[in-house]
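Student: So the mapping is simple: the numbering used here equals the position in the sequence shown, first residue as 1, plus 1.
Every residue, glycine too, gets a C-beta built ideally from N, C-alpha and C.
Bear in mind that the values here come from a model prediction, so they are computed numbers and not experimental data.
Supplied in structure tokens, the structure appears directly below.
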Amino acid sequence: MYAYNTDKNVAYTVFVVNGKYRAVNLIPGSYDVTIRPAVDQLEGFTPETQQKMVAAESHVTANFILKDVGVVENYVGGYPAEACARSVPDCGAEIAPYDEVYPPGRGRDIIENTCLGCHHVQFFPYNRIRGFQGGRAPKDKMTWGLTVDRMHKRVPGAPSGQASYFKTELLPPEDRDIVVEYLAENFGFNAPPRLVQLRSEANLDLDALEKAMFVEYIYKENPEKYPTWPWSHNITFDADGNVWNAYTGCCIIRTDPRTGDVKVFENNGGGSSIEVDQSDGTVWYSGDITQENSGGSATGTPMSTVKHLDPETGLVDNWLGRPSNTQIFDTEGNLWMTAGGITKWDRRTNSLMRWDVPVLRSDPYGIIVDSKGKIWIAEHYNSGVTRFDPETEEFTFFRLTPEEPTSIRRPGVDSKDMIWAGTWASPGREVDGRNIGGALYKLNPETGEIMERRLGIEYATPYKADADPFDNIWVTTDNYLSKYDQVADAFTHYPMPTQSDSLKTTITREGVVWFVYRNAGKFAGYGGTSVALYPDKDKMTTLAAYHHENSGDSLSSKYKGPKSPKVTGTNKFTFASRNSVEYERWAVENGLPGPNSASADEYVDPQEEDGDRY
């Protein structure tokens, strides 16, 4: 059941269980109340809407009779294929079984064992230019050959001198020609767009769904100012209980969840990650990464490693350089981020310093800080995580997955300093007639012991692993928020209110899980939406959002020193790598061109070819 407040752009979703539903604590106003099928279902009905007025302290009912109930065809993935972007007027696709979309044979085996270790299963057949996950530029045989060679041989989206995206021995020369032929034959330039059919539903706990409620705070940008649709990336909170949204390609959005009031900070991009300095209320966010303008942000400003916003004045400082992916504060008030390597904003000197990561196929993605002050990064391409000791400047790599290649996006850490991460993509695996998808992994850094748990969702894409105040681990995957209970050793899956992927979760001290819609925001009209899942709506004590004590996003609140330097609205520059000499020596020892070598490849924005990266 979806109730949309047309006055405030706030919406509420609850699940109908045994013919009943209940939503609570709605903001007063006019509502469109719609009953519609949940996502990822193989049975559906015709949606129906009623208009209702909700006054303060009132009780309103809306009764429905389901019509046209029956089996429906559905497809895998967290993006609304029928919803077209402004720049893509024709975006429909045929739904077909996996064996029809990917005909069996040696070519498919190669794709499953290499390409699907990083790409979504819909990336190849959905022959449209679109954003994340589904869609790519149409390719003929020659272009597919160039693409395969680029994936196989060139450096990833990290400093020059790194190894290829995956081990070269996984694609010997004879297999290279086979896979190029297969791609050209099945996914050629004029191939019709297709989508892999969904075969099975996730097992849902109806008792848990009966208690749950989602609340959406929706912001829609001016389409004349932003001709290419932006998309939300990340949520964080400030010390006053407000919610901040990094709306990539657009702006920074601040929402008061108690009232639904919104303030927007425009003209300096929207970033792909965001942190609020809890000690002074200023906002740090990454430089925009936009498909339509790889040379800068949507506003035409130069690429920034990180930006620093003063909400009081609206001024923004820009540190120019490679865009960062994720940021996090430590307890000393310093900001750590991934930007081709590991970068640190040092509060004492108000400067950036960086380290290249001496790990094969390193492409630092998500970043966290454990209770001992150690920095952990997800290695996007090499099936593991790397620990960095700021005191000794030493790196330690931990392999997580037994298979490769796999794509690891954003790690998490629980109260016991166990490291958690999911494989957003992994080699295609069929078990009992379904694709088991990615997995959740736990690393014990002291013993090196690894635990693996499959989500039980077909083609699961676990993106972020995040601990709540009770040490449950929450995972974002296409169309679901999934909770892993460490004590029960079991998952509970919560279908999102709309078909979409999502990224980083941010969890409050009450256990409310905040997240964003990326694809639904970009393609289905949701805009820059900040979403909260209340696992038990009857335990709501506040609508405000505050970090819980063990959250990595709360570390700056433990810092008690001087505030950050005043924001002046100027451009600043990043220092050279602190370990460039050691890194080049390591690169040579491993048969790689060093970052300063004349033979090193120049940087190419990954968005040029890779719609799955961000």
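1) Mark Gln52 as exposed unless 16 or more other C-beta atoms lie within 10 angstroms of its C-beta, in which case mark it buried.
2) Ends of the beta strand (DSSP E) at Tyr13?
3) Look up Gln123 in the DSSP assignment and give the residues it is bridged to.
4) What's the call for Val15, buried or exposed, on a 16-neighbour Cβ count within 10 Å?
5) At which residues does the beta strand (DSSP E) containing Leu1 begin and terminate?
6) Could you give the C-beta distance for Ile368 and Thr402, rounded to a whole number, given that I count them as a contact under 8 Å?
7) Could you check which residue in Arg195, Asp479, Lys443, Arg510 has the C-alpha nearest to that of Gln487?
8) Going by DSSP, name the residue or residues bridged to Asn436.
9) Rounding to the nearest angstrom, what Cα-Cα distance links Arg177 and Asn383 in this structure?
10) By Cβ distance, which residues of its chain are closer than 6 Å to Gly296, with the 5 residues on each side in sequence left out?
11) Give me the Cα-Cα distance between Trp245 and Gln198, rounded to the nearest whole angstrom.
12) Starting from Thr542, follow the beta strand (DSSP E) in both directions and report where the run begins and ends.
13) Taking buried to mean at least 16 other C-beta atoms within 10 Å of its own C-beta, is Ala82 buried or exposed?
14) Which one or two residues does DSSP pair with Thr50 in a beta bridge?
15) Which residues in the same chain have their Cβ closer than 6 Å to the Cβ of Tyr220, if we skip the five residues on either side of it in sequence?
16) If you reduce the DSSP assignment to three classes, tell me which class Pro174 lands in.
17) Which two residues bound the contiguous beta strand (DSSP E) that contains Lys505?
18) For Asp433, which residues in the same chain have their Cβ closer than 7 Å to its Cβ, ignoring the five residues on either side in sequence?
19) Touch check for the segment 509-520 and the segment 458-470: three-plus C-beta pairs under 8 Å?
20) Measuring CB atoms only, is the segment 493-513 touching the segment 235-252, in the sense that at least three cross pairs come out at less than 8 Å?
21) Can you check whether the CB of Ser31 is closer than 9 Å to the CB of Met54?
22) What span of residues does the beta strand (DSSP E) with His549 cover, start to end?
23) Report all residues from its chain with a CB closer than 6 Å to the CB of Val216; omit the five preceding and five following residues, and keep chain order.
24) Helix, strand or coil for Arg388 per DSSP?
25) Skipping 5 residues on each side, what residues in its chain have a beta carbon closer than 7 Å to that of His309?
Tutor: Based on what the coordinates show:
1) What you label residue 52 is simply residue 51 of the sequence shown in a count that begins at 1. Classified as exposed, Gln52 has fewer than 16 neighbouring CB atoms from the shown chains inside 10 Å of its CB.
2) Position 12 of the sequence shown holds residue 13. Unbroken beta strand (DSSP E) run through Tyr13: 11-14.
3) For the purposes of this step, residue 123 is identified with residue 122 of the sequence shown, where counting begins at 1. Note: Gln123 sits in no beta bridge, so no partner.
4) Residue numbering aside, residue 15 sits at position 14 when the sequence shown is read from its first letter. Here Val15 is buried. Its C-beta has 16 or more other C-beta atoms within 10 Å.
5) This structure leaves residue 1 out entirely; the chain is present only between 2 and 615.
6) Counting from 1 along the sequence shown, the entry for residue 368 is found at position 367. Counting from 1 along the sequence shown, the entry for residue 402 is found at position 401. Going by Cβ atoms, the distance from Ile368 to Thr402 rounds to 19 Å, so no, they are not a contact pair.
7) Position 486 of the sequence shown, counted from the start, is the residue given in the question as residue 487. Residue nearest to Gln487 within the set Arg195, Asp479, Lys443, Arg510 is Lys443 (criterion: CA-CA distance).
8) Your numbering for residue 436 matches position 435 in the sequence shown. Answer is Glu431, bridged to Asn436.
9) Your numbering for residue 177 matches position 176 in the sequence shown. Your numbering for residue 383 matches position 382 in the sequence shown. A straight line joining the alpha-carbon of Arg177 with that of Asn383 spans about 21 Å.
10) Along the sequence shown, read from residue 1 onward, the residue named residue 296 stands at position 295. Note that Gly296 has pLDDT 34, beneath the 50 cutoff, so the model's placement of it is unreliable and no number is given.
11) Against the sequence shown, residue 245 aligns to sequence position 244. Against the sequence shown, residue 198 aligns to sequence position 197. Approximately 36 Å between the Cα atoms of the pair.
12) Counting from 1 along the sequence shown, the entry for residue 542 is found at position 541. Looking at the DSSP string, Thr542 is not in any beta strand (DSSP E), and its letter there is neither H nor E.
13) Counting from 1 along the sequence shown, the entry for residue 82 is found at position 81. Classification for Ala82: buried.
14) Residue mapping note: residue 50 aligns to position 49 of the sequence shown, counting from 1. Bridge partners of Thr50: Thr35.
15) Numbered from its first residue, the sequence shown carries residue 220 at position 219. These residues qualify, in order along the chain: Ile254, Val263, Gly528, Gly529.
16) Your numbering for residue 174 matches position 173 in the sequence shown. When DSSP states are grouped into helix, strand and coil, Pro174 belongs to the helix group.
17) Indexing the sequence shown from 1 puts residue 505 at position 504. Here Lys505 belongs to no beta strand (DSSP E), and DSSP marks it neither H nor E.
18) As a working mapping, residue 433 is identified with position 432 in the sequence shown. Closer than 7 Å at Cβ, skipping near neighbours: no residue.
19) Counting Cβ pairs under 8 Å, three or more are found: they touch.
20) Output reads yes: the segment 235-252 touches the segment 493-513.
21) By 1-based counting over the sequence shown, the position of residue 54 is 53. By 1-based counting over the sequence shown, the position of residue 31 is 30. For Met54 and Ser31, yes; Cβs fall inside 9 Å.
22) Against the sequence shown, residue 549 aligns to sequence position 548. For His549, no beta strand (DSSP E) segment is defined, and its DSSP state is neither H nor E.
23) Your numbering for residue 216 matches position 215 in the sequence shown. Once the five neighbours on either side are set aside, the close Cβ partners of Val216 are Tyr13, Ala533.
24) Taking the sequence shown and counting its residues from 1, the one referred to as residue 388 is at position 387. It is a strand residue.
25) To locate residue 309, count along the sequence shown from 1; it is residue 308. Excluding residues within five positions, the ones whose Cβ falls inside 7 Å are Thr283, Trp285, Val317, Asp318, Val568.
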